[in-house]
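**Q** Residue numbers (this note's numbering): 6 to 291.
The C-beta atom is built at its ideal place from N, Cα and C for all residues, glycine as well.
There's a structure below that I have some questions on.
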């Protein structure tokens with residue numbers, strides 16, 4: 006077992022919420038005199054918008070009895086040291102050796118994604134043994150990636166804090182539950198989730214955006230969808246949450262991810278998990 010420090014590895018500043026720039030201080034109109042500028046209607050609207058988004062985040066976080074986590078993204082960067090593109094390329098090569106890569110589209114070949122490839126294989130080839138072997142190969146690659154996975158900043162303390170507050174935690178992911186279990190064990194976090202790890206099965210049709218993993222988690226934990234919260238970083242996470250009736254918190258660590266989530270209809274998106282952790286600490290010591 007590989008055990009890494011429990012601290013978070015993080016570079017750069019964290020931005021709390023996806024909002025407009027905050028209202029700046031009053032402008033200096035001369036070297037010796039500072040005047041208070043009138044608050045414009047635009048500033049008032051901006052302040053109101055920021056207040057509403059902060060309240061949305063507070064309501065989502067503090068109202069959840071159970072939190073359903075996507076894995077690769079919100080919890081860690083699984084392929085931080087083990088390129089997902091390389092893995093997908095090797096899977097395409099394997100399909101070619103089997104004489105099965107011809108139905109792949111040009112886009113699937115040019116920008117291969119392991120889960121997209123798995124879905125394509127399942128749709129176009131109805132041999133259960135082929136799909137099972139492809140899924141097993143993908144699982145082995147995910148397990149190989151675990152030792153170099155990079156923890157998402159603030160994820161570890163957020164998990165521990167939510168758990169200490171008695172909030173139930175589950176993983177609902179398109180990754181292999183074996184890889185999830187291995188990663189959580191290396192971080193000392195498995196007890197915060199076990200046994201609620203719901204991941205990819207041999208049936209690719211049940212991958213998100215299908216709500217299968219979310220429904221399994223809710224049923225096993227005995228919680229109504231409205232009492233849960235899904236933390237995800239993709240449009241498929243959002244779609245699965247909506248189909249399951251679960252409130253959604255988007256995690257967009259960069260502008261591209263944030264735009265994808267916003268364009269898909271996510272109402273509340275954070276750039277960092279830090280403001281979520283802050284809300285829990287405020288609740289704990291209130």
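(1) Leaving out five residues on either side along the sequence, give the residues of the same chain with a beta carbon under 6 Å from the beta carbon of residue 179.
(2) Could you name each continuous alpha helix (DSSP H) segment of 4 residues or more that falls completely within the segment 170-200, going from the start of the chain to the end?
(3) Cβ atoms of residue 151 and residue 122: under 8 Å apart, would you say?
(4) Can you list, in chain order, the stretches of the beta strand (DSSP E) that have 3 or more residues and sit fully within the segment 62-97?
(5) Which stretch, first to last residue, makes up the alpha helix (DSSP H) that contains residue 224?
(6) Given this structure, state the Cα-to-Cα distance separating residue 153 from residue 90, to the nearest angstrom.
(7) Compare the Cα-Cα distances from residue 239 to each of 250, 219, 269 and report the closest residue.
(8) For the candidate residues 73, 148, 266, 69, whose alpha-carbon lies nearest to that of residue 199?
(9) In whole angstroms, what separates the C-alpha of residue 274 from that of residue 157?
(10) Can you say whether residue 58 is buried or exposed, counting buried as having 16 or more other CB atoms within 10 angstroms of its CB?
(11) Under 8 Å, with one C-beta from each stretch per pair, do the segment 244-255 and the segment 60-75 reach the 3-pair mark?
(12) What residue does the alpha helix (DSSP H) around residue 249 start on, and which one ends it?
(13) With a threshold of 8 Å on Cβ separation, who are the neighbours of residue 173 within its own chain once the five nearest residues in sequence on each side are excluded?
(14) What residue range is occupied by the uninterrupted alpha helix (DSSP H) comprising residue 269?
(15) Excluding five sequence neighbours on each side, which residues of the same chain lie with their C-beta closer than 8 Å to the C-beta of residue 166?
(16) Distance, Cα to Cα, residue 63 vs residue 232?
(17) Which residues does DSSP pair with residue 233 in a beta bridge?
(18) With a threshold of 7 Å (Cβ to nearest heavy atom), would residue 285 be considered close to the ligand MG?
(19) From the DSSP output, in three-state form, read off residue 158 for me.
(20) If I follow the unbroken beta strand (DSSP E) through residue 255, where does it start and stop?
(21) Just verifying my parser: in three-state terms, what is the DSSP assignment at residue 212?
(22) Skipping 5 residues on each side, what residues in its chain have a beta carbon closer than 6 Å to that of residue 203?
**A** Reading off the structure:
(1) Here residue 179 refers to the residue found at position 174 when the chain shown is read from its first residue. Within the same chain, residue 179 has close Cβ partners 120, 205, 212, 213.
(2) 182-191, 195-198
(3) For this step, residue 122 is matched to residue 117 along the chain shown. For this step, residue 151 is matched to residue 146 along the chain shown. Contact: no.
(4) 71-74
(5) In the chain shown, counting from the first residue as 1, residue 224 sits at position 219. Unbroken alpha helix (DSSP H) run through residue 224: 217-226.
(6) Translated into the one-based positions of the chain shown, residue 153 becomes position 148. Translated into the one-based positions of the chain shown, residue 90 becomes position 85. Those two C-alpha atoms are separated by around 16 Å.
(7) Within the chain shown, residue 239 is the residue found at index 234, counting from 1. Out of 250, 219, 269, 269 has the C-alpha closest to the C-alpha of residue 239.
(8) Within the chain shown, residue 199 is the residue found at index 194, counting from 1. The shortest Cα separation from residue 199 among 73, 148, 266, 69 belongs to 73.
(9) One-based indexing of the chain shown puts residue 274 at position 269. One-based indexing of the chain shown puts residue 157 at position 152. So the two alpha carbons sit approximately 16 Å from each other.
(10) Reading the chain shown from its first residue, position 53 is the one you call residue 58. Buried, since its Cβ has 16 or more Cβ neighbours within 10 Å.
(11) yes
(12) As a first step, residue 249 is located in the chain shown; it is residue number 244 there, counting from the start. Looking at the DSSP string, the run of the alpha helix (DSSP H) that includes residue 249 is 240-249.
(13) To locate residue 173, count along the chain shown from 1; it is residue 168. Result list for residue 173: 70, 71, 72, 201, 226, 228, in chain order.
(14) Your numbering for residue 269 matches position 264 in the chain shown. Its alpha helix (DSSP H) spans residues 260-269.
(15) Start at 1 with the first residue of the chain shown, and residue 166 comes out as number 161. Closer than 8 Å at the Cβ level, and outside the excluded window around residue 166, lie 282, 285, 286, 289.
(16) In the chain shown, counting from the first residue as 1, residue 63 sits at position 58. In the chain shown, counting from the first residue as 1, residue 232 sits at position 227. For residue 63 and residue 232, the distance between alpha carbons rounds to 14 Å.
(17) The sequence position of residue 233 within the chain shown is 228, counting from 1. DSSP lists 71 as partners of residue 233.
(18) Absent from the structure shown: the ligand MG. Ligands present: none.
(19) The sequence position of residue 158 within the chain shown is 153, counting from 1. Correct three-state label for residue 158: coil.
(20) Counting from 1 along the chain shown, the entry for residue 255 is found at position 250. Here the beta strand (DSSP E) through residue 255 covers 253-256.
(21) On the chain shown, residue 212 is found 207 positions in, with the first residue counted as 1. Reduced to three states, the DSSP call for residue 212 is coil.
(22) The residue labelled residue 203 in the question sits at position 198 within the chain shown. Counting only Cβ-Cβ distances below 6 Å, and skipping sequence neighbours, we find 177, 218, 221, 222.
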